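Residue numbers (this note's numbering), protein chains in the order written: chain A, 3 to 117; chain B, 88 to 199.
Using N, Cα and C, we set each Cβ at its ideal position, and we do this for glycine too.
Here the structure is a predicted model, which is why all the values come from computation and not from measurement.
A short write-up of the structure that comes next.
Here it is in structure tokens:
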């Protein structure tokens, strides 16, 4: 079964450092997303991306966050200057969004710990 | 976006059928109903999706009444490995920019 893969599975970084989380979406999907989940809290939408541009973003996704599709397979989330409150599990997801395909598939997550 | 209400927790025993009901009174015409499963420290895993009536796959069944104001996820013969949080989501991601709104979900505990 095709799946979304994410790297790294776990990263520890110092406050103020830049972090890049990487994702390989399902190969025939054209829509890509990042969500996050702070420990013990709900899964929250960050951003959606289609045709090399952001389609939708939440208020969490401020100027310190950016997304990029640097090549034909990878999709990345960059956090420029990490804060303690950025510690969370970050989930990449993708979807087809055809007339019959209305489902988002998630990766296993990258656990980010900011110290 | 339609608001959903589901029980915070449920307990069951191995081998039993589990039914988790979700209320979504303000569901819109184009909205789909989707259920995800999440284990600790893992990503939400798609279980099943439906628009109306009944949908069945190898994992679960989804029952949707004619008014679509609620839905019931049915897990046949649960095992210990079905212990997880189950989320009911309602919406049409094609018109929402892929934005899913997760609630607290239902924490299902399966006991031996």
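Exercise. So the beta strand (DSSP E) residue 168 of chain B belongs to, where does it begin and stop?
Worked result: Here the question's residue 168 of chain B lines up with position 81 in the second chain. Per DSSP, residue 168 of chain B belongs to no beta strand (DSSP E) and is neither H nor E.
For this session: Could you tell me the distance, in whole angstroms, from the CA atom of residue 61 of chain A to the CA atom of residue 199 of chain B?
Result: As a first step, residue 61 of chain A must be located in the first chain, where it is residue number 59. As a first step, residue 199 of chain B must be located in the second chain, where it is residue number 112. So the two alpha carbons sit approximately 43 Å from each other.
Exercise. Where are the beta strand (DSSP E) runs, 3 residues long or more, that stay fully inside the region 41 to 96 of chain A, in chain order?
Worked result: 45 to 52, 55 to 59, 67 to 70, 77 to 81
For this session: Reducing DSSP to helix, strand and coil, say where residue 23 of chain A ends up.
Result: Translated into positions along the first chain, residue 23 of chain A becomes position 21. Of the three classes helix, strand and coil, the one that applies to residue 23 of chain A here is strand, per DSSP.
For this session: Rounded to whole angstroms, what's the CA-CA distance from residue 58 of chain A to residue 95 of chain A? Just pull it up for me.
Result: One-based indexing of the first chain puts residue 58 of chain A at position 56. One-based indexing of the first chain puts residue 95 of chain A at position 93. Distance between the alpha carbons of residue 58 of chain A and residue 95 of chain A is about 14 Å.
Exercise. Mind listing which residues of the region 18 to 46 of chain A have their C-beta closer than 7 Å to chain B's C-betas, in chain order?
Worked result: 33, 35, 44, 45
Exercise. Along the chain, where does the beta strand (DSSP E) that runs through residue 141 of chain B open and close?
Worked result: Along the second chain, read from residue 1 onward, the residue named residue 141 of chain B stands at position 54. Its beta strand (DSSP E) spans residues 140 to 143.
Exercise. Does the region 98 to 118 of chain B touch the region 17 to 37 of chain A, meaning 3 or more C-beta pairs lie closer than 8 Å?
Worked result: no
Exercise. Does DSSP classify residue 106 of chain B as helix, strand or coil?
Worked result: Here residue 106 of chain B is taken as the residue at index 19 of the second chain, counted from 1. Residue state, collapsed to three classes: strand.
Exercise. Which residues does DSSP pair with residue 38 of chain A in a beta bridge?
Worked result: In the first chain, counting from the first residue as 1, residue 38 of chain A sits at position 36. Paired residues: A:46, A:92.
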